[in-house]
Amino acid sequence: MKICIFGAASAAIDHKYVTAVEALAEQMAKRGHSLVFGAGGSGLMGAAARGTKRGGGYIRGFIPKFFRDEGLEAIYGSCDELTYTDSMAERKTAMEDTADAFIIVPGGIGTLEEFYEVITLKQLGRHHKAIAFYNIDGYYDTLEAFMHEMSAKKFMASACHSMYAVFTEADALFSYLEHYTPDYTPAQVLKHTEN
Ligand code: AMP
Numbered sequence: 002m003k004i005c006i007f008g009a010a011s012a013a014i015d016h017k018y019v020t021a022v023e024a025l026a027e028q029m030a031k032r033g034h035s036l037v038f039g040a041g042g043s044g045l046m047g048a049a050a051r052g053t054k055r056g057g058g059y060i061r062g063f064i065p066k067f068f069r070d071e072g073l074e075a076i077y078g079s080c081d082e083l084t085y086t087d088s089m090a091e092r093k094t095a096m097e098d099t100a101d102a103f104i105i106v107p108g109g110i111g112t113l114e115e116f117y118e119v120i121t122l123k124q125l126g127r128h129h130k131a132i133a134f135y136n137i138d139g140y141y142d143t144l145e146a147f148m149h150e151m152s153a154k155k156f157m158a159s160a161c162h163s164m165y166a167v168f169t170e171a172d173a174l175f176s177y178l179e180h181y182t183p184d185y186t187p188a189q190v191l192k193h194t195e196n
């Protein structure tokens, strides 16, 4: 499978996240999957790429031209394929279309924007791909709680919880992605907040 990993660009995060994501991506590659990502060289994007390389996996990066032209931040230098896009929006669409499944590792606003876009598109029936969080050291506990608050207060249908899953173990996460069968719950149900 082509698996897209969304994750932090920050290089200032605790090293425990870096080692966990390197190990996750190495295991991903050893299970025969390739990486699709935002081509950043730092933080957890860099960790995902290094881990994939270590596991012998193939890497496709997508990055807007302005990162290169404005020397904005380090681009990962060893992608097997690197595509330059005109905008962040075009890059996000390219990653979403290319990938068969998504893993969200710890990240900041960019990562959350990517998660909320893929889950919104899934809710609206634009794709039926698996979405999994890798919840390292409880990083996403508060986001999980907030998702439940959304449905408890009827801002989101409770059926939407089935659109994503949260894992603390890499094995269980990959097993979920590899055996995922889309349930094709209609957008009318996923948008219906009376349940
Ligand atoms: P953040 O979580 O705010 O660090 O943003 C990371 C996510 O946004 C990544 O998955 C990328 O797709 C995108 N992104 C943000 N900053 C960068 C960067 N410096 N290099 C490449 N992609 C980035």
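Under the working numbering, the residue at position 16 of the sequence shown is numbered 17, and the numbers go up by one with no gaps. Ideal Cβ positions, reconstructed from N, Cα and C, are used throughout, including at glycine.
query, result
"Check whether GLU74 and GLY52 have beta carbons under 8 Å apart", "no"
"Cα-Cα separation between ILE190 and MET157, rounded to whole angstroms", "Reading the sequence as shown, one finds Val at residue 190 and not Ile. Distance between the alpha carbons of VAL190 and MET157 is about 11 Å."
"LEU125 - DSSP class collapsed to helix/strand/coil", "coil"
"Which of helix, strand or coil DSSP assigns to LYS3", "strand"
"Through-space distance from THR84 to ASP70, alpha-carbon basis", "14 Å"
"Any non-hydrogen atom of the ligand AMP within 7 Å of MET46 CB", "yes"
"Residue environment, SER79, which counts as buried when at least 16 other CB atoms sit within 10 Å", "exposed"
"Whole runs of the beta strand (DSSP E) within the segment 138-193, excluding any shorter than 3 residues", "166-168"
"Bridge partner(s) assigned by DSSP for ALA133", "ILE104 and ALA166"
"SER163 beta carbon less than 8 Å from that of THR186", "yes"
"Sub-8 Å separation of ILE4 and ILE132 beta-carbons", "no"
"For ILE60, three-class secondary structure by DSSP", "strand"
"Rounded separation between ARG32 and GLY109 - CA only", "28 Å"
"Status (buried if at least 16 other CB within 10 Å, exposed otherwise) for PRO183", "exposed"
"Simplified DSSP state of SER111, which is helix, strand or coil", "Before going on, a small fix: residue 111 reads as Gly here, not Ser. Of the three classes helix, strand and coil, the one that applies to GLY111 here is helix, per DSSP."
"Cross-strand partners of TYR85 (DSSP beta bridge)", "ILE64"
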